[in-house]
Amino acid sequence: MPSLKDLKNKIASIKNTRKITKAMQMVSAAKLRRAQEAAEAARPYAERMNAVMGGLAASVGTSPTAPRLLAGTGSDKVQLLVVMTSERGLAGGFNSNIVKLARNRANELLAAGKTVKILTVGKKGREQLRRDYAAYMVGHIDMSEVKRVGYVNAQAIARDVLSRFEAGECDVVTIFYSRFQSVIAQIPTAQQIIPAQYEGGAISALYDYEPSEEAILADLLPRGVATQFFTALLENGASEQGARMSAMDNATRNAGDMITKYTTIYNRSRQAAITTELIEIIAGAEAL
Amino acid sequence: MAGTLQFDLVSPERRLASVVATEVNIPGADGDLTAMEGHAPTITTLRAGVLKIASADGVKSFVVTGGFAEISATSVSVLAERAVPVEELTAALMDQLIADASEATAVAVDKDAADKAMADLVAMRAAAGF
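Shown next, in the form of structure tokens:
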């Protein structure tokens, strides 16, 4: 049985923890709103981009002169996995879920005899993957200095990946990130970006292209890659805050439950102590 | 009065303008072009240059670097990599753009294209009055 003083200290410490988790939850809520606004603001560009690319890809994609970014290198031997996670922890299963998905994919590919290369964006993913896949890791992009994700960050990642692709270091590029659905649901997602896969393509026949379809496509494909990274970064940002918010909400509630529990124990032992003292006094008085 | 078309200018990070315009002057990769109502549907890539939008409230200009424009009979959407209203353009920002471009020129595989991009930027600086 812990002493009264121990219990009191314990309760005080849990109360402090609760204050911290509560504060983190509120900070995340504010950041989440901003992240969602950013994702919302980026949507028109990404949607237009995808629509136009879809049209172009549908009309050019099958020709033998199609750009390699669209048609691929004709092989799928070397697979580059870009694992995008956050720089900070305490976000529930957010990072682990992305890493788990990437790990499953890596194992599948290795079992199929492919060469796997891993590029990590964000510290947490690298820490988790380094244990088992250190030999496959080809690079890391540090985002810890980035306060607010901008298109330039996406461009930097895209440039890195494109230069690897141009140099023939990889055939297929897949990105792993978490799609934001709601505060309680973030869906870890794998998306292949090289060779590019675009849906739709009904509009292409209607347009005149200037310069030519292929020239436009060659110009737009690298931008398309950057746009996809940007979308992924924003979705990840919102997911991270959403995951942290619900994790911290749980932690706060759990701390509240623990406080109630320990307060009950504290009160009970205090009363027990008083009762014991009284019995002693009365017994002493009677003995006289 | 001439017919109008819906004009949208979006950058990856936000929507910069959405107005009803009478004509839009676009710096296309193969030369400037002006879109008015009833223009044939066209998709063109952009070079660095000045985008001018004439509407009922006057003419607005934006400096854009790269991207593409989607023109239809009733609307124009410009997706620019980077777009800045001319009023907000400063010499410092311009220099920054040129510095970025010269960095790109240094490492570019396609020297011609990179040099052209650089020349476009310098011409744009002159057009913007710096």
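Order-wise, the sequence lines are chains A and B. Per my numbering, the very first residue in the first sequence carries number 1; after that it's consecutive. Per my numbering, the very first residue in the second sequence carries number 1001; after that it's consecutive. By construction, the Cβ of each residue, glycine as well, lies at the ideal position given by its N, Cα and C atoms.
Residues bridged to residue i (per DSSP)
i: MET1036 (chain B); result: B:GLU1023
i: TYR177 (chain A); result: A:THR189
i: GLY1067 (chain B); result: B:ALA1080
i: PRO217 (chain A); result: At residue 217 (chain A) the sequence reads Leu, which differs from the Pro that was named. In the DSSP output, where bridge partners are listed per residue, LEU217 (chain A) has none listed.
i: PHE1007 (chain B); result: B:VAL1019, B:VAL1076
i: GLY242 (chain A); result: For GLY242 (chain A), which the question treats as bridged, DSSP gives no partner whatsoever.
i: LYS117 (chain A); result: A:LEU80
i: SER1061 (chain B); result: B:LYS1052
i: GLY1028 (chain B); result: B:GLY1031, B:LEU1046
i: PRO1085 (chain B); result: B:PHE1062
i: ILE194 (chain A); result: A:VAL173
Beta-carbon gap between residue i and residue j smaller than 8 Å
i: THR115 (chain A); j: LYS147 (chain A); result: no
i: GLU213 (chain A); j: SER86 (chain A); result: no
i: VAL1024 (chain B); j: ALA1017 (chain B); result: no
i: GLN186 (chain A); j: ALA243 (chain A); result: yes
i: ALA226 (chain A); j: ALA154 (chain A); result: yes
i: ILE175 (chain A); j: ILE1043 (chain B); result: no
i: ALA1091 (chain B); j: THR1065 (chain B); result: no
i: GLY1058 (chain B); j: GLY1003 (chain B); result: no
i: VAL82 (chain A); j: VAL173 (chain A); result: yes
i: TYR45 (chain A); j: VAL1019 (chain B); result: no
i: GLY92 (chain A); j: ALA232 (chain A); result: no
i: MET84 (chain A); j: ASN254 (chain A); result: no
i: LEU69 (chain A); j: ALA57 (chain A); result: no
i: TYR177 (chain A); j: LEU7 (chain A); result: no
i: THR263 (chain A); j: ILE11 (chain A); result: yes
i: ALA1069 (chain B); j: ILE1026 (chain B); result: yes
i: CYS170 (chain A); j: GLN228 (chain A); result: no
i: VAL1063 (chain B); j: MET1124 (chain B); result: yes
i: ALA42 (chain A); j: PRO1012 (chain B); result: yes
i: GLY1067 (chain B); j: GLU210 (chain A); result: no
i: ARG105 (chain A); j: ALA190 (chain A); result: yes
i: LEU162 (chain A); j: PRO222 (chain A); result: yes
i: LEU1089 (chain B); j: LEU1121 (chain B); result: no
i: GLN25 (chain A); j: ASP219 (chain A); result: no
i: ARG270 (chain A); j: LEU4 (chain A); result: yes
i: ASN95 (chain A); j: GLN128 (chain A); result: yes
i: PRO188 (chain A); j: LEU101 (chain A); result: yes
i: PRO1041 (chain B); j: ASP208 (chain A); result: yes
i: LEU1133 (chain B); j: VAL1086 (chain B); result: Outside the shown range of chain B (1001 to 1130) lies residue 1133 (chain B), about which nothing can therefore be said.
First and last residue of the uninterrupted beta strand (DSSP E) at residue i
i: GLU210 (chain A); result: 208 to 210
i: MET84 (chain A); result: 78 to 84
i: SER75 (chain A); result: SER75 (chain A) -> no beta strand (DSSP E), and no H or E assigned at all.
i: VAL99 (chain A); result: Segment 94 to 111 is the alpha helix (DSSP H) holding VAL99 (chain A); no beta strand (DSSP E) there.
i: ILE1043 (chain B); result: 1042 to 1045
i: ALA1054 (chain B); result: 1049 to 1055
Alpha helix (DSSP H) segment containing residue i, residue limits
i: GLN128 (chain A); result: 123 to 133
i: ILE14 (chain A); result: 4 to 60
Q: Count the CB pairs spanning the region 48 to 60 of chain A and the region 1067 to 1079 of chain B that are closer than 8 Å, and state whether there are at least three.
A: At 8 Å Cβ cutoff, the stretches touch.
Q: Determine, using beta-carbon pairs with one atom in the region 179 to 195 of chain A and one in the region 107 to 125 of chain A, whether at least three such pairs fall under 8 Å.
A: Counting Cβ pairs under 8 Å, fewer than three are found: no touch.
Q) When the Cβ atoms of the region 1045 to 1060 of chain B are set against those of the region 259 to 279 of chain A, are three or more pairs found closer than 8 Å? A) In this structure the region 1045 to 1060 of chain B does not lie against the region 259 to 279 of chain A, because fewer than three pairs of beta carbons, one per stretch, are closer than 8 Å.
Q. Can you list, in chain order, the stretches of the alpha helix (DSSP H) that have 4 or more residues and sit fully within the region 137 to 175 of chain A?
A. Fully enclosed alpha helix (DSSP H) runs of 4 or longer: 151 to 166.
Q.
Three or more C-beta pairs under 8 Å: does that hold for the region 28 to 36 of chain A against the region 234 to 242 of chain A?
A. Yes: the two stretches touch, three or more of their Cβ pairs being nearer than 8 Å.
Q) Does the pairing of the region 245 to 260 of chain A with the region 13 to 20 of chain A give three or more beta-carbon distances under 8 Å? A) Between the region 245 to 260 of chain A and the region 13 to 20 of chain A there are three or more C-beta pairs closer than 8 Å, enough to call the two in contact.
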